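Just below is one structure, and these are the notes that go with it.
2 protein chains.
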Amino acid sequence: MGFLDFQVKSQYKKARTGLLKLKHGVVKTPDLMPVATKATVKALTTNDLNEIGAQVLICNTYHLMLQPNADVVSKIGGLHKFMNWDKPLVTDSGGFQAFSLGLGKEHAVGKMFFPGENYKHSKPQGKSIAKLNDKGIYFRSIYDNSRQFLSPEKSIEIQEKLGADMILVLDECTSPLSSKQYTKNSLERTHKWAKKCLDIHKTDQALVGIVQGGHWEDLRKTSAKYIASLNFDGYAIGGSLGKSKKDMHNVLDWVIPFLPDNKPRHLLGIGVVEDIFESVERGVDIFDCVSPTRIARSGFSHIKPPLGTKKNKFRIKISSINYRTNKKPLDPNCKCKVCMNYSRAYINHLFKTNELLGYNLISYHNLYFMLELMREIRRSIDESSFPKLKKKWLG
Amino acid sequence: MGFLDFQVKSQYKKARTGLLKLKHGVVKTPDLMPVATKATVKALTTNDLNEIGAQVLICNTYHLMLQPNADVVSKIGGLHKFMNWDKPLVTDSGGFQAFSLGLGKEHAVGKMFFPGENYKHSKPQGKSIAKLNDKGIYFRSIYDNSRQFLSPEKSIEIQEKLGADMILVLDECTSPLSSKQYTKNSLERTHKWAKKCLDIHKTDQALVGIVQGGHWEDLRKTSAKYIASLNFDGYAIGGSLGKSKKDMHNVLDWVIPFLPDNKPRHLLGIGVVEDIFESVERGVDIFDCVSPTRIARSGFSHIKPPLGTKKNKFRIKISSINYRTNKKPLDPNCKCKVCMNYSRAYINHLFKTNELLGYNLISYHNLYFMLELMREIRRSIDESSFPKLKKKWLG
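Protein sequences appear in the order of chains A and B. Heads up, the first sequence is in this note's numbering, so the first residue is 725 and it goes up one at a time. Heads up, the second sequence is in this note's numbering, so the first residue is 725 and it goes up one at a time.
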């Protein structure tokens, strides 16, 4: 068992608040982890992240094993020192890249696939550069095309060198377009890998098991039962999450009842506002999602209701000509430093001129927006007003 | 006369410290102004600039008249509010762009030309997109190729709308490859424009006249005498500054004796470490230079003596493979926030992965380095130890 203590603080039906104690501090849940794939949350400083109240960040094993590599990070004193972040850190195992660089690339889909809606599917992303067998994942490096290999043993070894507070087992994230048979075979392998990771893990980093099984009820339940039977410090729910929001909700409804109440639950790679409400309601404690910073770099800024709606995904496109002379802040109802000090017109100008500050300012606001939402959600659970808050946001 | 008060505080031979009082605050001189061409110092926040002790920034009229344009800035409440900077601001007049987009482009040179050394000269930069006549400068927009016109009247009108503390007259910056006859004709025009700007200027912004004349002694002295005879709030020395460091030093030696002692002197678009020492020694009070942030974006980090020397231009290339596993800070002798918290290895990693944070961190350090140098220079003048400091840095 790694160093982790989780206390459920309050509960409203299945939704719950909790205190997740890790080596580098306490995380109030539910919370969203900003994504620092390559040991930096894109366009933000760790000072920015402290200001907006980020409690924990997640980095990526595949990316960091290639560049700069785990030995370099370890030599500098571990990931916390390397990136100048003294609060909790998580590393994911590299399993997601087996998908995003493998079947995901081949199928040209993300971990959910909405027929007719998925922009990636319409433009194939090229040939897979990740293959799996029972031993592990054979990658090509995105940097120099060199051959790379990640086994359960190797993933744990690398994550131990990186030194995050909480680490994940190596799994295969299947594609929403994978067949049931493929998903079933993959699941057996994922289960073997989970056990192997648990057996060889030897540091006091918290170790999290991952439930897989695509969008099939029997596979998900089998997986939840098996993974929950192993003594992990926490439990994550991995993709694929199916072909509709309903599929994703089903997965949560099938899986969560099998997971122990006294351990944190992490829904991997999700989510946007709507997904967070639906998942918290079903008992999820931790999220991670690149969306707030990714959309920021495309000039999209988050905005609260009533202007922000499920339909506009709570975002407006600040880089649009409409905001060229607009004196208002990004979100008139926001109290973040960016909204207190800058106009939409200025940030529109920064995008028009490709100035790097534009990425910083919207990323800051968007993550503040999401973390503020998480704070509101925690309050609403404590105060048993979660449905009211959900209605305010989703209608 | 605009709102400006300048007091010489201490003097060591021709070098001097002073207090330059402007509408938005007091600037201790000599000082280097970070360049915020498009209303942002590239890759830095105004909070960063406050932390490193920036006292005054300079923005560019040509760029801002095109995008977002002066009316938009004025509508938002002026340049200070627009860019969230409450300390002094300067705008240059657009005259430099008459050169950089005109003859500078055609001659493929900067405002100094070192035969055999000038990297730009070896690869022509394309056709001029700026032509002059006595009325003003006819530009093409770098954004949409639209026709643009800047006259002395228009430059002042725009700078009044932008609302900086200190503004500059419209001039022509000549090329170091321009003939003496061309430079002489241009100088007459520049003088007429200077007078015109003074006559029509009607706000309380401080107005600065510009001495031109290339690297010809008679032209420079004529210009210094004439410009000094007009009642400007301050005096700037513009390019061309010739074909060698010696030429530049000559220009300063010719011009400065004609400028009034009780007004600030700005050497436009200069400088790097060496130029600053040589120019302060000759009586310059204010500098502006894009170099610290520009070299930062190419992965060059400033470093103090003894590692930093005139020969290596006080810089090391952090993005080089040599620093891949280097635990040291950018400059082991620096006390800036970046050097206190990050290793060269981490910043090398950020460059290798094209992460935006890399630009921010080196820009921060490089500007801190320069402003710290300016603080040291001011101290050394106050304490009559300027030659000792110069020797320490330049050998």
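Here a beta-carbon is modelled for each residue, glycine too, at the ideal position from N, C-alpha and C. Keep in mind it's a predicted model, so treat the numbers as computed, not measured.
- Taking a beta-carbon distance threshold of 8 Å, residue 890 of chain A does not count as an interface residue toward chain B.
- Under the three-state reduction of DSSP output, residue 933 of chain B falls in the strand class.
- For residue 832 of chain A, the closest Cβ of chain B is not nearer than 8 Å.
- Shown here, residue 883 of chain B sits in a helix according to DSSP, grouped into three states.
- Taken in chain order, the complete beta strand (DSSP E) segments of 3 residues or longer contained in the stretch 725 to 786 of chain A are 729 to 736, 739 to 746, 749 to 753, 755 to 757, 781 to 784.
- By alpha-carbon distance to residue 1006 of chain B, the top candidate from B:925, B:730, B:736 is B:736.
- Across the structure, residue 1031 of chain B and residue 1118 of chain B are spaced so that their CA atoms are roughly 12 Å apart.
- Taking 7 Å as the Cβ-Cβ cut-off, the stretch 1060 to 1080 of chain B approaches chain A at 1065, 1066, 1067, 1069, 1070, 1073, 1074, 1076, 1077, 1079, 1080, given in chain order.
- Annotation: the continuous beta strand (DSSP E) that includes residue 857 of chain B extends over 854 to 857.
- Counting of Cβ neighbours within 10 angstroms places residue 1066 of chain B among the buried residues, the total reaching 16 or more.
- Secondary structure at residue 814 of chain A: strand, using DSSP grouped into helix, strand and coil.
- Taking all protein chains shown into account, residue 734 of chain A has fewer than 16 neighbouring C-beta atoms within 10 Å of its C-beta and is therefore exposed.
- Residue 808 of chain A has its alpha-carbon roughly 9 Å from the corresponding atom of residue 763 of chain A.
- The beta strand (DSSP E) runs of length 3 or more contained entirely in the stretch 885 to 970 of chain A are, from start to end of the chain, 890 to 892, 930 to 935, 958 to 961.
- By the criterion of a C-beta distance shorter than 8 Å, residue 852 of chain A is surrounded in its chain by 825, 826, 827, 829, 830, once the five residues flanking it on both sides are discounted.
- Listed along chain B, the residues sitting closer than 9 Å to residue 1083 of chain A by beta-carbon distance are 1080.
- In this structure, residue 791 of chain B places its C-beta atom within 8 Å of the C-beta atom of residue 1077 of chain A.
- In terms of CA proximity to residue 969 of chain B, B:836 leads the group B:836, B:1029, B:1028, B:771.
- For the C-beta of residue 796 of chain A, the chain B residues within less than 7 Å are, from N- to C-terminus, 1048, 1049, 1069.
- Under a 10 Å Cβ-count criterion, residue 878 of chain A is classified as buried, with 16 or more other Cβ atoms of the shown protein chains found around its own Cβ.
- Nearest C-alpha to residue 938 of chain A among A:960, A:924, A:897, A:1092: A:897.
- In summary, the residues of the stretch 766 to 797 of chain A whose CB is separated from some CB of chain B by less than 7 Å are 766, 767, 769, 791, 792, 796, in the order they occur in the chain.
- With a threshold of 16 other beta carbon atoms within 10 Å, residue 873 of chain A falls short and is exposed.
- Burial state of residue 926 of chain B is exposed, judged by a 10 Å Cβ sphere holding fewer than 16 other Cβ atoms.
- The residues 1114, 1117, 1118, in chain order, have a CB closer than 7 Å to that of residue 1001 of chain B in the same chain once the five nearest residues on each side in sequence are set aside.
- Against chain A, a Cβ distance below 8 Å from residue 763 of chain B picks out 1070, 1073.
- Along the stretch 808 to 834 of chain B, the positions whose C-beta sits under 8 Å from a C-beta of chain A are 808, read in chain order.
- Taken through DSSP and simplified to helix, strand or coil, residue 1086 of chain B comes out as helix.
- According to the DSSP secondary-structure assignment, residue 1040 of chain B is paired through a beta bridge with B:1025.
- Taking CB atoms only, residue 806 of chain A has a neighbour in chain B less than 8 Å away.
- When Cβ-Cβ separations below 8 Å define contact, residue 1086 of chain B makes no contact with chain A.
- Short of 6 Å from the beta carbon of residue 941 of chain A, and not among the five residues preceding or following it, lie these beta carbons of its own chain, in chain order: 978.
- Three or more beta-carbon pairs separated by less than 8 Å link the stretch 751 to 758 of chain B to the stretch 773 to 789 of chain B, which places the two stretches in contact.
- Its Cα nearest to that of residue 753 of chain B, the residue B:740 stands out among B:740, B:813, B:765.
- In terms of beta-carbon proximity, residue 799 of chain B lines the interface with chain A, with at least one pair separated by less than 8 Å.
- Counting along the chain, residue 1055 of chain B sits inside no alpha helix (DSSP H), nor does DSSP assign it H or E at all.
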